[in-house]
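J.:
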Amino acid sequence: MKAKVDKYKMPTIILIVLVALWAILGLMDMKNNTTDGYRTDGNSTIIQIDQDSPAEAAGLQVGDRLISIDGTGVNDTKSWELKSRAKVGDTWSYVVDRNGEEMAMDLTFASPSGSSKMLNYAGFLLGLIFLLCGIWIFMTNKSYAAALFSVFSILFSLTFFGGPYLSSPAMRDISNIVTTTLFLGAFAYLVKFLLQFPSQRSPLGTSKANYLIFGPVVLLAVIIIILELLDPEWVTGLRTGMRVLFGLTIVYYFGWALLTLIKRYNSSTAEERSAKGINLMLIGAILGLVPILILIIINTVSPSTIIPGGDYAFLTLGLIPISFALALNKE
Numbered sequence: 038m039k040a041k042v043d044k045y046k047m048p049t050i051i052l053i054v055l056v057a058l059w060a061i062l063g064l065m066d067m068k069n070n071t072t073d074g075y076r077t078d079g080n081s082t083i084i085q086i087d088q089d090s091p092a093e094a095a096g097l098q099v100g101d102r103l104i105s106i107d108g109t110g111v112n113d114t115k116s117w118e119l120k121s122r123a124k125v126g127d128t129w130s131y132v133v134d135r136n137g138e139e140m141a142m143d144l145t146f147a148s149p150s151g152s153s154k155m156l157n158y159a160g161f162l163l164g165l166i167f168l169l170c171g172i173w174i175f176m177t178n179k180s181y182a183a184a185l186f187s188v189f190s191i192l193f194s195l196t197f198f199g200g201p202y203l204s205s206p207a208m209r210d211i212s213n214i215v216t217t218t219l220f221l222g223a224f225a226y227l228v229k230f231l232l233q234f235p236s237q238r239s240p241l242g243t244s245k246a247n248y249l250i251f252g253p254v255v256l257l258a259v260i261i262i263i264l265e266l267l268d269p270e271w272v273t274g275l276r277t278g279m280r281v282l283f284g285l286t287i288v289y290y291f292g293w294a295l296l297t298l299i300k301r302y303n304s305s306t307a308e309e310r311s312a313k314g315i316n317l318m319l320i321g322a323i324l325g326l327v328p329i330l331i332l333i334i335i336n337t338v339s340p341s342t343i344i345p346g347g348d349y350a351f352l353t354l355g356l357i358p359i360s361f362a363l364a365l366n367k368e
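Numbers 38 to 368, taken from this note's numbering, label the letters of the sequence shown in order.
#1: Which of the three DSSP states is assigned to Y131 in this structure?
#2: If contact is defined by three or more beta carbon pairs under 8 Å, each pair taking one atom from either stretch, is the region 183–198 in contact with the region 226–236?
#3: What is the rounded straight-line gap between the Cα of N303 and the Cα of S236?
#4: Return helix, strand or coil for E93, following the three-state DSSP convention.
#5: Do A183 and L231 have their beta-carbon atoms positioned less than 8 Å apart in this structure?
#6: Quick one: give me the first and last residue of the alpha helix (DSSP H) that M155 is part of.
#7: Going by C-alpha distance, which of L203, S205, F198, I344 is nearest L219?
#8: Counting Cβ pairs, one atom from each stretch, are 3 or more of them under 8 Å apart for the region 336–356 and the region 140–160?
#9: According to DSSP, what are the bridge partners of R102?
#10: Tell me where the beta strand (DSSP E) around Y75 begins and ends.
#11: Starting from M67, trace the alpha helix (DSSP H) in both directions and tell me its first and last residue.
#12: Where do the N-terminal and C-terminal ends of the alpha helix (DSSP H) with G321 fall, by residue?
#13: Going by C-alpha distance, which of N247, M47, T353 is nearest I172?
#14: Quick one: measure Cβ to Cβ for S360 and I320, integer angstroms, because I've assumed they're closer than 8 Å.
#15: Just confirm the distance between the C-beta atoms of V281 and I334, as a whole number of angstroms; I'd bet it's less than 8 Å.
#16: Per DSSP, which one or two residues make a beta bridge with A182?
#17: Shortest alpha-carbon distance to P269 belongs to which of A364, E118, N213?
#18: In the DSSP assignment, the alpha helix (DSSP H) including K229 goes from what residue to what residue?
Structural data, given as structure tokens:
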């Protein structure tokens, strides 16, 4: 078991340094964030316009279908790859289809509103919670389960760290591939940790188990690499397919994690649940995962649905690293 733990030591240290650096650079770049003030259904139809936003001032309306932005077709992936991000004060021309009629209007980008800025900083704080919990367990608990949790928690923190803006299109492609793959890997390590803690539930060393745990991550990562290399037009079918694929993958891992914890709870005595922190973990998992799982399922099935308070649902995820870390250190 010590050999298993030792093999994670140096990679985890390197991971901590790289993720922390990425987070700091992303925080420094937050001052350059802009807002357009609208939301689409994941394709090109506007489903929400923020009040007093650049989109509202430009005359965009719910139901408009975006055709082009700043002279670039919304599905023209290759052109968007080469395009620099907008800056505060930049004005871009938007062409939309409104009830069968093409209309053009100018949108001037602005700084995010106060509530949006608070949400951005809340996301950064949440990432920090995942990162610090991973570091805490890495430094204080030398078990194999702790090593798996640390990797999960540190990798998952990337979800909330935007990182710096990279001016090179090639570097942006590489960054997207690496960060997305690491983010997906976090789900696999979450499941692997829960199958290991507080005692191993399944033959984790078998190839079948590893296929089930890491297979979806590898498959989705390969698809992302192919899409980044080929840059196909981001047509509606491709957008929908990738959204569904991502949604199903996340539900697969989060659902597996939740079911594993529930089974662990049911098979444990009251004394074991308390002594090993299983009660704490189950509460943290239910409160942390259920809201975001519901949101993901709804957005996957019906992307045009606006869920009140949906922008804040991710905040409950912070309960997961805290409750899991506390349970680990009860051992």
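Where is the CB? At the ideal position from N, CA and C, for every residue including glycine.
T.: The short version:
#1: As a working mapping, residue 131 is identified with position 94 in the sequence shown. In the structure shown, Y131 adopts extended strand secondary structure according to DSSP, grouped into three states.
#2: yes
#3: Locating residue 303 in the sequence shown gives position 266, where the first residue counts as 1. Locating residue 236 in the sequence shown gives position 199, where the first residue counts as 1. Looking at the two C-alpha atoms, the distance is approximately 14 Å.
#4: By 1-based counting over the sequence shown, the position of residue 93 is 56. Reduced to three states, the DSSP call for E93 is helix.
#5: Counting from 1 along the sequence shown, the entry for residue 231 is found at position 194. Counting from 1 along the sequence shown, the entry for residue 183 is found at position 146. Not in contact: L231 and A183 (Cβ atoms no closer than 8 Å).
#6: Here residue 155 refers to the residue found at position 118 when the sequence shown is read from its first residue. Where M155 is concerned, the enclosing alpha helix (DSSP H) stretches over 151–177.
#7: Here residue 219 corresponds to residue number 182 of the sequence shown, with the count starting at 1. Cα-wise, what sits closest to L219 is F198.
#8: yes
#9: Taking the sequence shown and counting its residues from 1, one reaches residue 102 at position 65. For R102, which the question treats as bridged, DSSP gives the partners T82, D134.
#10: Start at 1 with the first residue of the sequence shown, and residue 75 comes out as number 38. Y75 -> beta strand (DSSP E) spans 75–77.
#11: Locating residue 67 in the sequence shown gives position 30, where the first residue counts as 1. Run containing M67: none; DSSP gives neither H nor E here.
#12: The residue labelled residue 321 in the question sits at position 284 within the sequence shown. It spans 315–338 - the alpha helix (DSSP H) in which G321 sits, taken as one unbroken run.
#13: Counting from 1 along the sequence shown, the entry for residue 172 is found at position 135. Nearest option by C-alpha distance: M47.
#14: One-based indexing of the sequence shown puts residue 360 at position 323. One-based indexing of the sequence shown puts residue 320 at position 283. About 7 Å separates the two Cβ atoms, so the contact holds.
#15: Position 244 of the sequence shown, counted from the first residue, corresponds to residue 281. Position 297 of the sequence shown, counted from the first residue, corresponds to residue 334. That belief does not hold up - the Cβ atoms of V281 and I334 are roughly 11 Å apart, past 8 Å.
#16: The sequence position of residue 182 within the sequence shown is 145, counting from 1. DSSP output for A182 lists no bridge partner at all.
#17: Reading the sequence shown from its first residue, position 232 is the one you call residue 269. It is E118 whose Cα lies nearest to the Cα of P269.
#18: Counting from 1 along the sequence shown, the entry for residue 229 is found at position 192. Run containing K229: 206–233, per the alpha helix (DSSP H) assignment.
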